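Trainee: Could you have a look at this structure, given as C-alpha cells, before my questions?
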Amino acid sequence: MKKLPDIIGEAWARRDGPFVLATTSRSGTPNAIYVNSVHVYDDRTIVVADNYFDKTRTNILAGSRGALLFLTKQRLAYQLKGQITYHTSGPVFAAMKQHNRADLPGVAAAALHVEEAYCGAERLT
26 MKKLPDIIGE
36 AWARRDGPFV
46 LATTSRSGTP
56 NAIYVNSVHV
66 YDDRTIVVAD
76 NYFDKTRTNI
86 LAGSRGALLF
96 LTKQRLAYQL
106 KGQITYHTSG
116 PVFAAMKQHN
126 RADLPGVAAA
136 ALHVEEAYCG
146 AERLT
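In C-alpha cells form, the structure reads like this:
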C-alpha cells in the first residue's frame, strides 16, 4: 500500500478506547489481545509496544500477519491488516520507546505494515 487513506487518519484522530491486535499461530489458531501503546509511525506503518506479549510475540516471530482494530467516538470500527515485523533496536524501537509509558517495559516494537484498511465491511484500500 502506498499510504494510509486520509479517512484512516481522520478516524485515528477520533479513536476511542483500546485497540485489539490479532495474530495467528503457525497452525492457524487465532489470538487477539487488547493493546494501548499504539502510534502511527509513518504513512503506512502502525507501531504497537510489546509490553506483555506472549502468544502474540510467538506468532509474530513465526511470521504471522496481523490485524489491528479500533473504534471511533462515533462507534465506527476500523481494521488495518498486514505483515508485522518485530524490532528490539533501531528507529522503530526508538519511536516506540518515545510513545510508550515509562512505567511499562516496552521490550520491543511490533510494526504493522498496512496492506489493507477497512471501515466495517467496506474495504478502503
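To convert, take the position in the sequence shown, counting from 1, and add 25; that gives this note's numbering.
We treat Cβ as the ideally placed atom computed from N, Cα and C, and that holds for glycine.
Model, not experiment: these values are computed from the prediction.
Could you check if Tyr103 is buried or exposed, using at least 16 other CB atoms within 10 Å of its CB as the buried criterion?
Mentor: The residue in question, Tyr103, is buried, as its Cβ has 16 or more Cβ neighbours within 10 Å.
Trainee: Would you call Ala142 buried or exposed, if buried means 16 or more other Cβ atoms sit within 10 Å of its Cβ?
Mentor: With 16 or more Cβ atoms within 10 Å of its Cβ, Ala142 is classed as buried.
Trainee: Helix, strand or coil for Pro43 per DSSP?
Mentor: Three-state DSSP puts Pro43 in coil, outside helix and strand.
Trainee: Quick one: what's got a C-beta closer than 8 angstroms to Glu140's C-beta in the same chain, skipping five residues either side?
Mentor: If we look at Glu140 and ignore the five residues flanking it on each side, its Cβ neighbours are Met26, Lys106, Gly107, Gln108, Thr150.
Trainee: How many whole angstroms separate the CB atoms of His64 and His124, which I take to be in contact at a CB cut-off of 8 angstroms?
Mentor: The Cβ separation is near 4 angstroms, so the contact holds.
Trainee: If contacts are defined as beta-carbon pairs under 8 angstroms, then Asp31 and Leu96 qualify, I think. What distance do you get, rounded to the angstrom?
Mentor: With 8 angstroms as the limit, Asp31 and Leu96 do not qualify as a contact, their Cβ atoms being about 19 angstroms apart.
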